[in-house]
Structures are given as C-alpha cells and as structure tokens.
Amino acid sequence: MAKNEIPLWEVFIRPRNGLSHKHCGSVHAADEVMALNAARDVYTRRGEGVSIWVVPSAAITASDPEHKDENFEPAASKVYRHPTFYKIPDEVGHM
Amino acid sequence: MAKDALLAFVVRLADDHLILGHRLSEWCGHAPMLEEDLAMPNMALDLIGQARALYQYAADIEGRGRTEDDFAYLRREREYTNCLMVERPNGDFAHTMLRQLTFAAFMEPMWRAMATSKDETLAGIAAKAVKEVAYHIRHAGEWVIRLGDGTEESSARMKQAVEDLAPYVDEVFDADDVTRAMVEAGIAPDPAALRQSFDRTMATIFAEAFLDMPTAPFAQRGGRDGRHGEAMGYLLADLQYMQRTFPGAVW
Numbered sequence: 000m001a002k003n004e005i006p007l008w009e010v011f012i013r014p015r016n017g018l019s020h021k022h023c024g025s026v027h028a029a030d031e032v033m034a035l036n037a038a039r040d041v042y043t044r045r046g047e048g049v050s051i052w053v054v055p056s057a058a059i060t061a062s063d064p065e066h067k068d069e070n071f072e073p074a075a076s077k078v079y080r081h082p083t084f085y086k087i088p089d090e091v092g093h094m
Numbered sequence: 000m001a002k003d004a005l006l007a008f009v010v011r012l013a014d015d016h017l018i019l020g021h022r023l024s025e026w027c028g029h030a031p032m033l034e035e036d037l038a039m040p041n042m043a044l045d046l047i048g049q050a051r052a053l054y055q056y057a058a059d060i061e062g063r064g065r066t067e068d069d070f071a072y073l074r075r076e077r078e079y080t081n082c083l084m085v086e087r088p089n090g091d092f093a094h095t096m097l098r099q100l101t102f103a104a105f106m107e108p109m110w111r112a113m114a115t116s117k118d119e120t121l122a123g124i125a126a127k128a129v130k131e132v133a134y135h136i137r138h139a140g141e142w143v144i145r146l147g148d149g150t151e152e153s154s155a156r157m158k159q160a161v162e163d164l165a166p167y168v169d170e171v172f173d174a175d176d177v178t179r180a181m182v183e184a185g186i187a188p189d190p191a192a193l194r195q196s197f198d199r200t201m202a203t204i205f206a207e208a209f210l211d212m213p214t215a216p217f218a219q220r221g222g223r224d225g226r227h228g229e230a231m232g233y234l235l236a237d238l239q240y241m242q243r244t245f246p247g248a249v250w
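Sequence lines, in order, name chains X and P.
Numbers 0 to 94, taken from numbering that gives the first Met the number 0, label the letters of the first sequence in order.
Numbers 0 to 250, taken from numbering that gives the first Met the number 0, label the letters of the second sequence in order.
This is the structure in structure tokens:
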C-alpha cells in the first residue's frame, strides 16, 4: 500500500489559560508544522484558543466499540462511586 | 501637496491589499484541500480588512464625502494604483503561494516600520497588520518550502512560478514623489530600504526549498501610475459587478 502522504491529525485547543486542551476535530497535513498551521486556520478563526496541540491520528489507540458492554456497563450500577452522598457545609461554598 | 501625497500613498497601499485579497478569494471553493480552502480566504479577509481600514482613512483625508465602497468599487481601472504583482492571475497553487509569500515578505518590514509612523492612523493599522502578515509569511513560506523540495512535479511548478513572478518584484521597491514625501514626513519608510529584509526572508525560504533566487531580465512597471495588465480589467469586472448592477446595494 502506498504511504499516505497527507495523514490525519487530531487537533486539541486550549480555550483559555487554566483550562485543559480539548479535542475539537481533525485536519489533513503532510507534517506536524503544516498540521499546526492547518489547525490554526480551521479551528481558531473565531478566537477559540490560546494554544494548539496536534497529534497524529494513527498514534491514538481507541477502545473497541464491541467491548462497550463489558467496558462501561459495570459502572452503571455503582451509584455509590459518585461523590453525591456527602453533606457539604454551606461555609465550604462552591467546590 | 502633502495631503495629496498622503492620499496617493494610502490609496496605493489599499489597492495592493484589495486586489490581492480579491485574487486569493477566487480560490474559495477551489483549493486543493479543505484546509487550504479555509486558509486562503482567511488570508484574503486579513488583506481586505486592511484595505477597508486604509480606504476609510483615504476617504477621510480626501474629505469629499466618498466612502470606502466608492474607492473599492466605483473607480475606473486607471485610477487603481496597485502594483502589478497583486493583479497577476492566480495560476496554479505554487504560483499563488509564491506571490503571497513575495508580497508578505515586502509588507512585513513595511508594516513594522509604519507601526512607529508619525501618522497615528497608519501606525494603528500597521500594528494590527504586522501580526497578520507574519502569519502569511509562515503559511505561504512553508508551502513554498514543501513544494520546492517536494516531488519532481511540485518542484518544477515552483521553479516555473519563481520565473513567472520575477519581473513583477522590483516594482514594489520603486521610489517616486509620493514615497519620497512619505519618508520626509516620517510617515512611511523608503521602499528601497526594505529590500534587505525582503531578500533575507526570501533567501532563507528559497534555500530550504532548493530554489534559486530569481534574476529577472527586466522589470514590469506601471501599476503605480494606473497602467495595468490585461488581467486587471477582468478582475475589476468581477469585483465591481454588484455595485455597478445594483448601485448602492447593501447587505
């Protein structure tokens, strides 16, 4: 198979200082410099960010949709894992 | 005279940006890939935004009640004083990127110098534009490098673009009464003084792209006097169509 000359990259944008980078989409680009430019051109046109990460899509290992039930169903019945069984004193304020 | 020279200077700068912005916008929907289909209109909008600010200022200087739209849409071909480089047809993607790089490499030191202009309006426009043009150099420059140092075909097309554009480079560095008046008034730099910075930008990128710096056997001139190439009439027909057909139409 021919080598893919213009592979796919996943784009992560940090909207403001103090927040984490968030996945916002993907771009095609020949290399990481071009990927950063493309991400800037495609995803920051409306002032969305202060920092960009690009990662080769091929570098991401994804969970198998077929394993959805065994991966995620067991958590559904364990409501006690949610930190919602504590009374928080008013003085603590917003957490 | 001082006012006339300032008006002439602002209009030619505005015309450069409007016409190149229009040329770039012609790629919208036709770019070789989706990412570039956004990148080129992005740059076009930077240029048209700069042109708008300049035309508004020109209208103020002139003080005869004309608006930015009158300048952009309702002048005759001979009244446009853009350099010939920006009106050249787009050609292929290599040609468009090289023209973009060439113009940006000229404007970057120009805006940088004008950020400290004695004319406060121009200094304000320059301070914003200098960031936009820095990205144009980066974007177009990276493409020139990759196409020049790419496949056999991309490299051949890039070399052809260098040859085709070469005769249109020198015109932007020309001095005349208008540029001399701007230098004297501390409003804008001598275009010839920008040549070193321009050559340095181009040489760095050309070295990486394995391209030779062009030597044109002659230079095409005339844009600053309103003498344009054949392509300009067709461009203006497109650009002015709406305002000529529906005078005064607004969004």
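From the three backbone atoms N, C-alpha and C, an ideal C-beta is built for every residue, glycine too.
Keep in mind it's a predicted model, so treat the numbers as computed, not measured.
Distance between beta carbons of residue j and residue i, contact taken as under 8 Å
i, j, result
"P213 (chain P)", "V177 (chain P)", "The pair is not a contact, with the Cβ atoms about 27 Å apart (cut-off 8 Å)."
"L97 (chain P)", "L164 (chain P)", "6 Å"
"R309 (chain P)", "E67 (chain P)", "In the structure displayed, chain P extends from 0 to 250; residue 309 (chain P) sits before or after that span and is not available."
"A93 (chain P)", "S24 (chain P)", "With 8 Å as the limit, A93 (chain P) and S24 (chain P) do not qualify as a contact, their Cβ atoms being about 19 Å apart."
"V49 (chain X)", "R80 (chain X)", "Actually they are not in contact, since the Cβ atoms of V49 (chain X) and R80 (chain X) sit about 34 Å apart, beyond 8 Å."
"H138 (chain P)", "A38 (chain P)", "6 Å"
"V168 (chain P)", "M157 (chain P)", "Not really, about 16 Å apart at Cβ, beyond 8 Å."
"S25 (chain X)", "S56 (chain X)", "6 Å"
Chain X residues whose Cβ lies nearer than 7 Å to that of residue i
i, result
"M96 (chain P)", "Simply none; closest approach about 12 Å."
Closer than 7 Å at the beta carbon, the chain P residues around residue i
i, result
"V41 (chain X)", "E34 and L37"
Contacts of residue i in chain P (Cβ-Cβ under 8 Å)
i, result
"A61 (chain X)", "Chain P residues near A61 (chain X): none, gap ~23 Å exceeds 8 Å."
"A57 (chain X)", "By Cβ distance, chain P contributes nothing, its closest Cβ being about 18 Å from A57 (chain X), past 8 Å."
"V32 (chain X)", "E141"
"R44 (chain X)", "L37 and N41"
Within 9 Å, strictly: CB atoms of residue i and residue j
i, j, result
"R223 (chain P)", "D189 (chain P)", "no"
"F105 (chain P)", "F197 (chain P)", "yes"
"A43 (chain P)", "L6 (chain P)", "no"
"M271 (chain P)", "Y79 (chain P)", "No information on residue 271 (chain P) is available, as it lies outside the stretch 0 to 250 that chain P covers here."
"F205 (chain P)", "G147 (chain P)", "yes"
"A187 (chain P)", "M109 (chain P)", "yes"
"R44 (chain X)", "N41 (chain P)", "yes"
"L238 (chain P)", "L83 (chain P)", "no"
"V78 (chain X)", "W8 (chain X)", "no"
"A112 (chain P)", "L193 (chain P)", "yes"
"E107 (chain P)", "I136 (chain P)", "yes"
"A133 (chain P)", "A122 (chain P)", "no"
"F11 (chain X)", "H27 (chain X)", "no"
"E131 (chain P)", "Q49 (chain P)", "yes"
"T95 (chain P)", "W26 (chain P)", "yes"
Under the three-state DSSP convention, the category residue i falls into
i, result
"R111 (chain P)", "helix"
"F11 (chain X)", "strand"
"I144 (chain P)", "helix"
"V130 (chain X)", "Since the first and last residues shown for chain X are 0 and 94, residue 130 (chain X) lies out of range."
"M0 (chain X)", "At M0 (chain X) the pLDDT is 42, less than 50, meaning the model places this residue with poor confidence; the figure from the coordinates comes in the next sentence. Three-state result, M0 (chain X): coil."
"K77 (chain X)", "coil"
"V168 (chain P)", "coil"
"H138 (chain P)", "helix"
"G20 (chain P)", "helix"
"S62 (chain X)", "coil"
"P85 (chain P)", "For clarity, residue 85 (chain P) is Val in the given sequence; the question names Pro instead. Correct three-state label for V85 (chain P): helix."
"V249 (chain P)", "coil"
"G24 (chain X)", "strand"
"M32 (chain P)", "coil"
"Q242 (chain P)", "helix"
"S19 (chain X)", "coil"
"F84 (chain X)", "coil"
"Q49 (chain P)", "helix"
"G149 (chain P)", "coil"
"R45 (chain X)", "coil"
"Q25 (chain P)", "Here residue 25 (chain P) is Glu; the residue named in the question, Gln, does not match the sequence. Coil."
"M33 (chain X)", "helix"
Beta-carbon neighbours of residue i, restricted to chain X and to distances below 9 Å
i, result
"R156 (chain P)", "Within chain X, no residue comes near R156 (chain P); the closest Cβ sits about 16 Å away, beyond 9 Å."
beta-carbon residue i near the ligand ZN non-hydrogen atom, thresh 8 Å
i, result
"A122 (chain P)", "Judged by which ligands are present, the structure shown has none, so any question about the ligand ZN falls away."
Closer than 8 Å at the beta carbon, the chain X residues around residue i
i, result
"H138 (chain P)", "N36 and D40"
Proximal chain P residues relative to residue i, where beta-carbon distance stays under 9 Å
i, result
"H27 (chain X)", "M32, L33 and E34"
Checklist line | Short-range partners of chain P found in the stretch 4 to 25 of chain X, where Cβ spacing is below 8 Å | finding: I5
Note to self: Any C-beta of chain X within less than 7 Å: which residues of the stretch 142 to 153 of chain P qualify?
What the structure shows: R145
Margin query: By the 8 Å beta-carbon criterion, what residues does the stretch 38 to 71 of chain P contribute toward chain X?
Written below: A38 and N41
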